[in-house]
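In our numbering, the protein residues as written are 59 to 361.
In this text, a Cβ means the ideal position worked out from N, Cα and C, and glycines have one as well.
Read the structure below first, then the notes.
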């Protein structure tokens with residue numbers, strides 16, 4: 059929704075809270091217009107003002123901010139939906155037959171145009187209609203050849219067909235297709251990927267003297283933001299299945315560790331239910347990590 063960009067260039071950048079309040083104000087205006095239930099040009103103009111202001115709010119926000127503030131996207135769609143509903147009512151109320159053709163009125167206007175003296179019916183100057191008639195009567199477009207005039211003396215000669223030479227097929231020995239083993243974990247099933255993540259976590263936990271592992275040291279892939287998001291997503295299945303736990307460390311940094319079946323059974327016997335936890339990370343924060351993560355190191359070794 060990009061309308062009136064010149065007006066939006068002059069608008070100041072507002073905070074997320076101010077934009078949400080502005081969206082709610084637009085929703086209230088749309089509801090007031092809908093409750094009045096009047097279909098006229100003023101209604102369409104008021105809806106246009108609402109859409110222009112919503113467009114100005116939409117242009118202020120970058121794509122990255124949209125990902126973090128999904129509430130604004132929802133409010134924007136609600137404003138557009140309410141405005142479009144009002145406009146549909148305006149379109150449905152338009153009478154396409156409101157302007158009718160009156161032959162008597164047309165004849166009077168025609169006579170007044172070609173005859174300035176109404177008292178003398180013989181004083182009619184039809185030449186006055188010549189210019190208008192030229193605009194109405196369609197003209198036949200001129201015809202031109204694309205390649206100019208056609209020369210009959212230069213006829214195209216038929217091309218001689220070349221005889222195809224039959225090639226002797228070589229006898230080839232049938233080879234058994236090579237067995238390709240792929241180690242790309244992204245192409246395997248979710249269960250295999252989750253199993254791979256658990257093995258890396260368990261090994262890192264043992265190497266760290268069975269102390270919790272820094273969450274970001276585990277999931278970060280310094281070479282690819284997309285791989286980092288994928289690691290975060292698949293790690294959530296470890297939390298859901300009770301194979302890993304996530305806590306907040308002493309420095310308010312999330313730490314993780316593998317869970318044994320015995321600890322899982324004890325937690326479930328106490329009524330603890332596992333939930334799938336998916337964290338988020340922006341590209342700006344991801345760029346601050348330059349060290350290879352544990353999963354990244356293992357994938358590089360396997361590849």
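CB residue i to CB residue j, shorter than 8 Å?
| i | j | result |
| --- | --- | --- |
| residue 314 | residue 255 | no |
| residue 138 | residue 112 | yes |
| residue 115 | residue 80 | yes |
| residue 78 | residue 129 | yes |
| residue 136 | residue 85 | yes |
| residue 297 | residue 354 | no |
| residue 71 | residue 118 | yes |
Relative to the C-alpha of residue i, which candidate in the options has its C-alpha closest?
| i | options | result |
| --- | --- | --- |
| residue 143 | 167, 276, 89, 317 | 89 |
| residue 249 | 196, 295, 276, 284 | 295 |
| residue 350 | 214, 191, 276 | 276 |
| residue 280 | 343, 266, 194 | 343 |
| residue 446 | 262, 338, 264, 263 | Summary: the structure shown does not reach residue 446, with the chain confined to residues 59 through 361, and so no result is reported for it. |
| residue 293 | 197, 359, 352, 348 | 352 |
| residue 348 | 152, 319, 274 | 274 |
| residue 108 | 125, 286, 121, 82 | 82 |
| residue 340 | 165, 261, 121 | 121 |
| residue 271 | 306, 285, 288, 320 | 306 |
| residue 346 | 166, 286, 257 | 286 |
| residue 99 | 76, 152, 126 | 152 |
| residue 312 | 269, 95, 87 | 269 |
| residue 123 | 75, 213, 360 | 75 |
| residue 190 | 199, 200, 198, 171 | 171 |
| residue 261 | 356, 110, 165 | 356 |
| residue 336 | 219, 185, 288 | 288 |
Ordered along the chain, which non-local residues of its own chain (more than five positions away) have a Cβ less than 7 Å from that of residue i?
| i | result |
| --- | --- |
| residue 317 | 300, 301, 302, 303 |
| residue 147 | 97 |
| residue 238 | With a pLDDT of 47 at residue 238, under the threshold of 50, the modelled position of that residue is not reliable, and the figure given next carries that caveat. Correct list: empty, nothing qualifies. |
| residue 50 | No statement about residue 50 is possible, as the shown extent of the chain runs from 59 to 361 and does not include it. |
| residue 199 | none |
Give me, in chain order, the residues of the same chain whose beta-carbon lies closer than 8 Å to that of residue i; leave out the 5 immediate sequence neighbours on both sides.
| i | result |
| --- | --- |
| residue 145 | 102, 105 |
| residue 92 | 140, 143, 144 |
| residue 358 | 350 |
| residue 409 | With the chain covering only 59 through 361, there is no way to say anything about residue 409. |
| residue 131 | 124 |
| residue 87 | 104, 108 |
| residue 163 | none |
Name the one or two DSSP bridge partners that residue i has.
| i | result |
| --- | --- |
| residue 281 | Answer is none; residue 281 lacks a bridge partner. |
| residue 314 | 271, 304 |
Among the residues of its own chain, which have a CB less than 6 Å from the CB of residue i, if the five just before and after it don't count?
| i | result |
| --- | --- |
| residue 243 | Note that residue 243 scores a pLDDT of 45, beneath 50, so its modelled location is shaky; the value from the coordinates is reported in the next line. Excluding sequence neighbours, residue 243 sits near 251, 254. |
| residue 15 | Any answer about residue 15 is impossible in this case: the structure gives the chain only from 59 up to 361. |
| residue 278 | 286, 347, 351 |
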